[in-house]
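Chemist: Take a look at this one; I'll ask things after.
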Amino acid sequence: MTFKKPCDNGPICLFYTMFNKDDILSILKNNSEILRRDYHVQKIGLFGSCARNEQRSGSDVDILVEFDFSIENIFEVKSKLRKYLSEQFGCEVDLCRIKYLKPYAREIVLREAIYAV
């Protein structure tokens, strides 16, 4: 779907595309080599409203990610990955690591997660 999104700097509107579950998973799969090489991703998947195809205009994309254990600067890499994925999807991305999921959400997130890599 294509929507109009108001620009921050004037009345001109930008056009952007809201991706569905299959689009997002395809983008993740097609970028799997970059994700592994540049961002040390071992496993990455989709959860939340996009995984259920219930996203709306303005929804973020919820991504579950696991990194290579040998990574030293994980905060920096996670920040760069969030920026990269936001550029790919044209919206905000929420990155979550399995070990940091809250106990009350963990079971739900893991049950609905759809892994691409």
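The letter at position 115 of the sequence shown is residue 1055 when you use our numbering, and the numbering goes up by one with no holes. Note that beta-carbon positions come from the ideal geometry of N, C-alpha and C, so glycine has one too.
Should TYR1044 be labelled buried (16 or more other beta-carbon atoms within 10 Å of its own) or exposed?
Modeler: exposed
Chemist: Since GLN1028 is in the alpha helix (DSSP H), which residue starts that stretch and which ends it?
Modeler: Element bounds for GLN1028: 1014-1029.
Chemist: Put GLU1052 into one of helix, strand or coil per three-state DSSP.
Modeler: helix
Chemist: Classify CYS953 as helix, strand or coil using the three-state DSSP reduction.
Modeler: Low local confidence applies: a pLDDT of 38 at CYS953 is under 50, so the model's placement there is unreliable, and no value is given.
Chemist: Under a three-way DSSP split, which group does LEU968 fall into?
Modeler: DSSP, read as helix, strand or coil, puts LEU968 in helix.
Chemist: According to the Cβ coordinates, are ILE922 and ILE1003 closer than 8 Å?
Modeler: Coverage of the chain is limited to positions 941 through 1057, which leaves residue 922 absent and any answer about it impossible.
Chemist: Among residues of its own chain, excluding the 5 on either side of GLU1052, which ones have a beta-carbon nearer than 8 Å to its beta-carbon?
Modeler: PHE987, GLY988, ALA991, ARG992.
Chemist: Relative to the C-alpha of ASN970, which residue among ASN960, ILE1054, GLN1028 is closest?
Modeler: Closest by alpha carbon: GLN1028.
Chemist: Beta carbon of VAL1033, beta carbon of ARG1022: below 8 Å?
Modeler: Taking the C-beta atoms as reference points, ARG1022 is found nearer than 8 Å to VAL1033.
Chemist: Using DSSP's beta-bridge definition, name the partner residues of LYS983.
Modeler: GLU1006
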